[in-house]
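Colleague: Have a look at this one before I ask anything.
Protein chains in written order, with my numbering: chain A, 376 to 626; chain B, 376 to 626; chain C, 5 to 311; chain D, 5 to 311.
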């Protein structure tokens with residue numbers, strides 16, 4: 376079996392969440408690489424959206440530090456403003472989007488704004504960017520975080536980007552459809568369960584166990600009845616990833 | 376004194392209503408020619424706006440049948456959509472605009488939609504176009520019509536483009552500022568008078584008299600206390616007009 | 005990428021159904037795909053709701069041919085000739101109008117399509133106030149500005165999301181990616197708002213031509229359902245860089261459509277008895293060739309190099 | 005047309021006052037006119053309200069230099085490095101935050117500037133629902149959709165009309181007419197919304213270059229107050245077709261600004277002890293030359309000929 380890093384596994388797990396032909400808010404780093412892998416494997420017609428005002432079919436092949444770098448502009452499907460691209464969320468056209476976060480809670484709410492009281496925070500984080508818009512208006516939200524009790528918390532101090540709020544019908548009552556479909560961590564995949572939408576342990580990455588994951592989760596983590604081990608990268612998936620990640624940044 | 380046609384006088388009277396540096400919705404035919412005359416005489420920095428999504432400094436020199444014709448596109452200051460151009464009205468940036476109409480009443484309300492009951496009209500006119508927007512949101516409205524009792528009526532059947540509505544504060548109460556500043560006809564200039572805003576006879580074109588004008592007006596036309604005779608075109612004004620109207624279309 | 009190139013007959017047959025709301029043109033005077041107008045008539049589409057601020061004489065033709073039950077827009081006529089005679093007859097003859105009109109101004113229609121394009125619940129405007137459009141179009145609501153002075157009135161415009169937008173562009177690739185330049189009226193909003201987009205391109209070009217200038221893209225190809233190549237599809241309207249306006253053709257239509265019989269004879273001559281747009285151009289003969297823009301006035305290049 | 009070409013010092017001195025609301029950049033990561041950031045700092049402007057969705061590290065620099073009393077936006081940090089240390093210090097040190105933040109998401113800020121640009125009374129959005137941004141920014145109102153089901157919630161975003169928008173473009177003429185290509189973030193909306201527009205052009209070109217392609221105009225010259233030519237004004241951010249990103253410079257700023265003392269030393273070295281942007285580029289030396297894009301990947305020409 377091929378050798379791979381945990382980050383490579385996360386990228387490939389993220390790529391598997393993208394279906395062919397979907398419109399996806401891609402963001403930077405890990406998700407943009409996942410988008411590239413999806414295009415090269417099972418989703419050749421996926422389309423990548425970037426908040427700067429960029430839409431791409433093929434991911435840029437040169438190194439990007441940010442979404443707005445010249446290689447992401449050249450050869451794009453569309454370069455325009457933030458509004459025409461982000462409004463596609465509100466138009467109901469966007470299938471999925473990736474975001475990260477400093478904190479995520481048992482109902483998939485994400486905080487990237489304030490640790491502590493927002494009036495006098497203990498830590499002032501950079502803020503929301505477009506994450507609340509992607510969280511509120513894409514059909515599915517994929518969140519990527521490292522797995523530890525500081526990040527996976529019982530309740531976030533501030534809901535920057537709404538997940539299922541207090542669970543149950545709370546999200547629908549707030550006027551939102553969609554919601555988080557997966558949380559991808561370095562240890563596992565969590566998915567919302569049943570009508571309550573609490574995040575349950577759905578897939579354990581190879582080499583980790585339930586106890587370790589529970590210990591590193593800030594709430595009483597439930598196991599999904601159809602919990603699996605995360606399938607390791609296939610040869611094709613790894614080959615696609617290595618085509619993109621020529622310099623082995625993620626290895 | 377130079378020879379001129381009544382249409383040339385109307386064009387020059389319209390040109391005099393444009394101040395230097397103003398943003399003006401220009402429309403076609405007579406007003407666009409007036410805009411050209413104004414630019415060549417006293418208003419070299421006036422800017423012309425067109426609802427198709429065009430902004431011009433210099434008027435097109437080739438023949439235009441419509442605003443969207445190729446000579447109006449080439450060398451424009453901006454070619455864009457209808458919304459970015461018309462939204463400048465709502466942003467409060469537009470000083471003035473020209474419209475025409477099938478009917479105009481004593482308070483400067485203009486009808487280009489329905490003669491008779493709108494549910495089963497006697498005559499269905501083409502409709503509003505952008506006139507209601509220019510009438511509602513430019514700082515000053517200039518209306519150009521031929522002077523007869525069918526067109527200058529006591530009360531329009533349908534207010535397509537609001538003037539002073541029922542007069543007095545009615546326009547302000549409807550939520551609008553601005554309003555008609557002049558009605559340019561083939562016989563005279565009418566202007567709103569005092570707090571009531573009724574259109575009064577402000578200027579009589581050379582060769583016409585008060586009685587004739589009153590007879591051709593569908594309401595009891597009042598005379599402005601500072602009524603004048605419309606100054607005939609100056610040599611400079613006519614020269615400017617002839618520079619634009621090379622073929623003598625308006626002669 | 006998905007291949008989307010089809011011929012015009014197929015595009016119309018596959019994607020426009022009786023009863024659809026349709027944007028055809030929406031550039032006001034230029035770039036109205038009259039070839040699609042004619043094809044809708046030939047295919048006998050019925051019960052259409054034509055959405056546009058102004059699409060020159062196209063809507064009048066469709067009304068006369070019996071394709072239209074509803075008009076949502078600001079102006080229906082003939083920009084060269086004035087009145088739209090079929091539009092008038094639909095209102096003035098008989099006991100009741102045979103079509104329904106949803107009155108908008110250009111700007112309020114622009115806001116309705118923007119709201120549709122951007123998925124907005126509605127858009128508040130400061131226009132329409134004081135206009136009887138508020139009486140004849142009950143879709144528009146008078147309201148108060150919650151951010152304004154106590155009694156500041158505004159008008160709320162609901163979104164429009166047409167079933168189909170049929171739009172002319174100068175060039176496209178076979179995947180539906182495209183470039184448009186010159187004034188664009190409401191075509192960008194219409195394309196982003198619509199469920200189905202049919203592009204009528206003057207030219208089909210290599211994908212690298214489109215991707216050489218992603219800021220000139222009107223609507224990205226993934227939002228386009230079908231693309232078809234028809235040269236001079238816009239005749240008699242003009243197209244920036246390609247075609248001048250055939251003013252005489254508009255005037256002739258205006259004169260002949262003054263009576264029902266005259267319109268019907270025009271329709272047979274120029275639409276029903278004509279197989280397709282190729283035959284239409286052949287019939288135009290030398291006059292269409294004379295309208296072609298032959299000059300060159302190219303845009304200054306923009307460099308997109310990244311290294 | 006009115007001549008609008010001035011130097012950067014004059015543009016900032018003449019048109020930005022203490023207490024102004026200012027959009028500087030608003031392209032998110034690219035094309036942020038850091039030269040103007042530095043000049044605002046050198047001129048000691050105070051009490052600014054910085055409006056932008058994201059302007060990379062520019063806002064953090066202005067906060068550290070004491071120019072800012074308010075931030076209206078979605079994100080303040082350093083896109084390469086992460087956190088904005090000056091932004092953090094303004095909140096985390098002392099008894100109370102020294103600046104006020106009006107929290108928006110990118111899209112809701114985009115809608116606020118669009119509403120400002122278009123003179124809308126406000127804009128209703130389907131975002132922000134469920135977010136605590138509704139709690140921390142009282143300017144946004146929760147409401148019901150009058151066109152929706154009985155209890156459909158929406159959020160009303162009031163318009164923003166900045167006092168000044170300072171915006172980078174690739175090229176402009178001396179009258180303020182300009183071209184921009186590549187992603188534009190919110191600069192078109194910011195320019196149309198603002199009372200005063202200061203353009204920072206990489207190149208000044210002949211008016212005929214701009215008028216050769218009126219569809220590439222970002223904002224027409226009559227809405228521009230002043231235009232200034234500063235090459236590499238965007239450094240260390242990238243500019244489509246001209247400059248690559250100086251990622252190392254962002255990382256260095258991030259590392260050095262981790263402490264107040266470190267930031268102050270950085271500020272002296274790169275802003276306060278530097279006369280102008282020419283001296284800044286000289287100090288960068290070979291590193292700026294290495295960032296210049298030397299390749300050519302030109303847009304396919306568009307023909308605007310009319311005959």
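Each residue gets a CB set at the ideal place from its N, CA and C atoms; glycine is no exception.
All figures in this text were calculated on a predicted structure; none of them were measured in a lab.
Looking at the C-beta of residue 214 of chain C, does it have a partner C-beta in chain B at a distance below 8 angstroms?
Modeller: So no, residue 214 of chain C is outside the interface.
Colleague: Short of 7 angstroms in beta carbon distance, which residues of its chain neighbour residue 264 of chain C, apart from the five on each side in sequence? Order them along the chain.
Modeller: Answer for residue 264 of chain C: 93, listed in chain order.
Colleague: Can you check whether the C-beta of residue 19 of chain C is within less than 8 angstroms of a C-beta belonging to chain D?
Modeller: It does not; no Cβ of chain D falls within 8 angstroms.
Colleague: What residues from chain D crowd round residue 443 of chain A, counting only those whose CB sits closer than 7 angstroms?
Modeller: By Cβ distance, chain D contributes 31, 32, 33, 34, 187, 242.
Colleague: So residue 76 of chain D is in the beta strand (DSSP E); what residue range does that whole segment cover?
Modeller: Here the beta strand (DSSP E) through residue 76 of chain D covers 72–77.
Colleague: Less than 8 angstroms between the beta carbons of residue 619 of chain A and residue 399 of chain A, yes or no?
Modeller: Cβ distance not < 8 angstroms, so residue 619 of chain A and residue 399 of chain A don't count as in contact.
Colleague: When the distance is taken between beta carbons, is residue 31 of chain C closer than 8 angstroms to residue 189 of chain C?
Modeller: Yes; because the gap between Cβ atoms is below 8 angstroms, this pair is in contact.
Colleague: List, from N- to C-terminal side, the alpha helix (DSSP H) runs of 4 residues or more that fit wholly inside the region 129–155 of chain C.
Modeller: List check, alpha helix (DSSP H) in window: 137–140.
Colleague: Does the beta-carbon of residue 243 of chain C have 16 or more other beta-carbons within 10 angstroms, so that it is buried, or is it exposed?
Modeller: Residue 243 of chain C should be labelled buried.
Colleague: How would you call residue 621 of chain B, buried or exposed, if buried means at least 16 neighbouring beta carbons within 10 angstroms?
Modeller: Label assigned to residue 621 of chain B: exposed.
Colleague: What does a CB cutoff of less than 6 angstroms around residue 165 of chain D pick up in its chain, not counting 5 residues either side in sequence?
Modeller: The answer, listed in chain order, is 120, 197.
Colleague: Taking the alpha-carbon positions, what's the residue 430 of chain B to residue 169 of chain D distance?
Modeller: Near 21 angstroms, if we compare the C-alpha coordinates of residue 169 of chain D and residue 430 of chain B.
Colleague: For chain B, check one thing: does any of its Cβ atoms lie closer than 8 angstroms to the Cβ of residue 137 of chain C?
Modeller: Yes, residue 137 of chain C counts as interfacial toward chain B.
Colleague: Excluding the 5 residues preceding and the 5 following residue 41 of chain D in the sequence, name in chain order all residues of the same chain whose CB lies nearer than 7 angstroms to its CB.
Modeller: Excluding positions up to five away in sequence, the list reads 28, 62, 65, 66.
Colleague: Could you work out which residue in D:219, D:199, D:200 is closest to residue 183 of chain D when comparing CA atoms only?
Modeller: It is D:219.
Colleague: Give, in chain order, every residue of the region 287–306 of chain D whose Cβ lies closer than 7 angstroms to some Cβ of chain C.
Modeller: Listed by position, the residues of the region 287–306 of chain D near chain C (Cβ gap below 7 angstroms) are 297, 299, 300, 301, 302, 303, 304, 305, 306.
Colleague: Which runs of the alpha helix (DSSP H) at least 4 residues long sit entirely within the region 530–573 of chain A? Give them in chain order.
Modeller: The qualifying runs are 545–548.
Colleague: Assuming residue 232 of chain D is part of the beta strand (DSSP E), what are its boundary residues?
Modeller: Its beta strand (DSSP E) spans residues 230–233.
Colleague: Verify the CB distance criterion: does residue 140 of chain C have a CB-CB separation below 8 angstroms to chain A?
Modeller: Not one chain A Cβ lies under 8 angstroms of residue 140 of chain C.
Colleague: Please report how far the alpha carbon of residue 650 of chain A lies from the alpha carbon of residue 589 of chain A, in whole angstroms.
Modeller: Since the first residue shown for chain A is 376 and the last is 626, residue 650 of chain A is missing from the structure and cannot be characterised.
Colleague: Helix, strand or coil, according to DSSP, for residue 205 of chain C in the structure here?
Modeller: Three-state result, residue 205 of chain C: strand.
Colleague: Would you tell me roughly how many angstroms separate the C-alpha atoms of residue 34 of chain C and residue 248 of chain C, rounded to the nearest one?
Modeller: When rounded, the distance between both Cα atoms is 9 angstroms.
Colleague: Counting only beta-carbon atoms, is residue 194 of chain D nearer than 8 angstroms to chain C?
Modeller: No, residue 194 of chain D does not count as interfacial toward chain C.
Colleague: Taking only the alpha-carbon atoms, compute the straight-line gap between residue 256 of chain D and residue 289 of chain D and give it to the nearest angstrom.
Modeller: Each residue's alpha carbon lies about 16 angstroms from the other.
Colleague: Along the region 511–542 of chain B, what residues have a CB closer than 8 angstroms to any CB found in chain C?
Modeller: Under the 8 angstroms Cβ criterion, the region 511–542 of chain B contributes 511, 512, 533, 534, 535, 536, 537, 540.
Colleague: Quick one: grab the DSSP three-state call for residue 612 of chain B.
Modeller: Helix at residue 612 of chain B.
Colleague: Compare the C-beta of residue 478 of chain A against all C-beta atoms of chain D and say whether one is closer than 8 angstroms.
Modeller: No, its Cβ sits nowhere closer than 8 angstroms to a Cβ of chain D.
Colleague: Am I right that residue 53 of chain C and residue 300 of chain D are in contact with their C-beta atoms under 8 angstroms? What's the rounded C-beta distance?
Modeller: That pair is no contact at about 48 angstroms.
Colleague: Go through its chain and collect everything with a Cβ distance to residue 5 of chain D's Cβ below 6 angstroms, but skip five positions before and after it.
Modeller: Same-chain partners within the cutoff: 179.
Colleague: Only counting the same chain, and skipping five residues up and downstream in sequence, which positions put a Cβ closer than 7 angstroms to that of residue 457 of chain B?
Modeller: Around residue 457 of chain B: 426, 427, 428.
Colleague: Suppose the cutoff is 8 angstroms on Cβ atoms and the five residues either side in sequence are ignored; what does the same chain contact list for residue 10 of chain D look like?
Modeller: Result list for residue 10 of chain D: 18, 230, 231, 232, in chain order.
Colleague: Do we get a CB-CB distance below 8 angstroms when we pair residue 160 of chain D with the residues of chain C?
Modeller: Closer than 8 angstroms to some Cβ of chain C, the Cβ of residue 160 of chain D qualifies, so yes.
Colleague: Using a Cβ distance threshold of 8 angstroms, determine whether the region 493–509 of chain B contacts the region 459–478 of chain B, with at least three qualifying pairs required.
Modeller: Enough Cβ pairs lie closer than 8 angstroms, so yes.
Colleague: Hey, is the region 152–164 of chain C in contact with the region 123–135 of chain C, meaning 3+ C-beta pairs nearer than 8 angstroms?
Modeller: Yes, the region 152–164 of chain C is in contact with the region 123–135 of chain C.
Colleague: In three-state terms, what does DSSP make of residue 247 of chain D?
Modeller: In the structure shown, residue 247 of chain D sits in a strand (DSSP, three-state: E or B).
Colleague: Please state whether the Cβ-Cβ distance between residue 261 of chain D and residue 90 of chain D is less than 8 angstroms.
Modeller: The answer is yes: Cβ separation under 8 angstroms.
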